[in-house]
Each structure stands twice: as structure tokens, then as C-alpha cells.
Amino acid sequence: MAQAVYRFYVFVGVRHGRLVQELTGRPVPQPVDEFNRPRRLARVGVRLPPSAREAEELFGAWRASLPRTPGRGLLVAARHYVAASLWRRVGLRINETVRLEVGDWHPRVGAHGVLHVRWGKGSRGSGPRQRLVPAIDGVDRLLAWWLA
């Protein structure tokens, strides 16, 4: 519990510290003192997710480089691009993405289609959990391009 609270406040301090300082006149506090803080956290840095603009720049450059990939390398590069795009856009896990099949894409269900994730993450040894993932954020166009 202390680790989660500690990491949350470190994240807020790194990501929004300047704004908090400007609005309140005080820095972001750290409620977990050094005696209650887990020891191994001293070695762990804070990982900030990329901003939406940075992610769009990365995927835009990646997408633009695909046509220049020679031969069969294009299929591999496109597959990697589609997989990473699914992770970013709808939050699929790596194992879920690897086990997707063509029949798991249902483009006529819902407004934009759904992905049937048959091998979702289970809980404490309960086995895989199935779920339907809506094709938001352009996933319908991405999968139409990949399957064409």
C-alpha cells in the first residue's frame, strides 16, 4: 500500500508538480516518510507515459516508413505496427494480441465493430477471460487496412 501511495505522489510531482506549485504556492507533498517507504523504490525511477502528441508523432513516422520497407519485410513491419497500434489504441495486452485470429474481428457489430478477445487475462489462475473490445480510436480503419 505504501508503495502505491508513494509512486502516485512521485508521479503527480513529476507530471504536474509545476502546476500544483503555481496554483497552491506549495510543492506536491510526499505523505510516505522515508521510514515507511519500501527500500527497493530508491532504485526505481518514475516512468512517464508519452503524451498523446508524442505517441501520434511516433506512430505517424512509423506508418510513413512502412512503404519503404523492402520485400517480405513489409508484412512483418506492418504486423508489428498493427499490434503496437492495438496496444496503444484499445489497451490490448501482448498475449491477447498474439492470439487474435481473423475471425475475432466483427466489423458489423456496433458502430465501429468489435474485437472478440478470447484469451484475455484471467485472475489468480482462473484461466483466460473472454471480452469484447469496441473498435474505437480508428481501430476499425486499422484492421480494414491490415486485412485488405
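The sequence shown begins at 56 in the numbering used here and counts up one residue at a time.
From the three backbone atoms N, C-alpha and C, an ideal C-beta is built for every residue, glycine too.
Closer than 7 Å: residue i CB and nearest the ligand FMN heavy atom
i, result
"residue 140", "Inclusion of the ligand FMN in the displayed structure is not the case, the ligand content being empty and no account of it being possible."
Limits of the alpha helix (DSSP H) - the one that residue i falls within
i, result
"residue 87", "Taken as a continuous stretch (DSSP letters only), residue 87 belongs to no alpha helix (DSSP H), as it is neither H nor E."
"residue 148", "Here residue 148 belongs to no alpha helix (DSSP H), and DSSP marks it neither H nor E."
"residue 198", "194-202"
Identified DSSP bridge partners for residue i
i, result
"residue 160", "170"
"residue 175", "184"
"residue 189", "169"
Reference residue i; option with closest CA among the options
i, options, result
"residue 165", "182, 105 and 189", "189"
"residue 88", "150, 58 and 155", "58"
"residue 144", "114, 181 and 180", "114"
"residue 201", "183, 60, 171 and 157", "157"
"residue 63", "124, 137, 102 and 138", "102"
"residue 160", "61, 186, 130 and 126", "186"
"residue 140", "180, 191 and 92", "191"
"residue 154", "118, 130 and 138", "138"
"residue 172", "183, 129 and 126", "183"
"residue 56", "73, 68, 86 and 118", "86"
"residue 104", "152, 118 and 70", "70"
"residue 61", "84, 181 and 73", "84"
"residue 203", "128, 181 and 134", "134"
### Query
Does the segment 151-169 come close enough to the segment 181-200 to have 3 or more Cβ pairs within less than 8 Å?
yes
### Task
Inspect the CB distances between the segment 173-181 and the segment 144-162 and report whether three or more fall short of 8 Å.
yes
### Message
Three Cβ pairs or more, each shorter than 8 Å: is that satisfied between the segment 76-87 and the segment 110-126?
### Response
no
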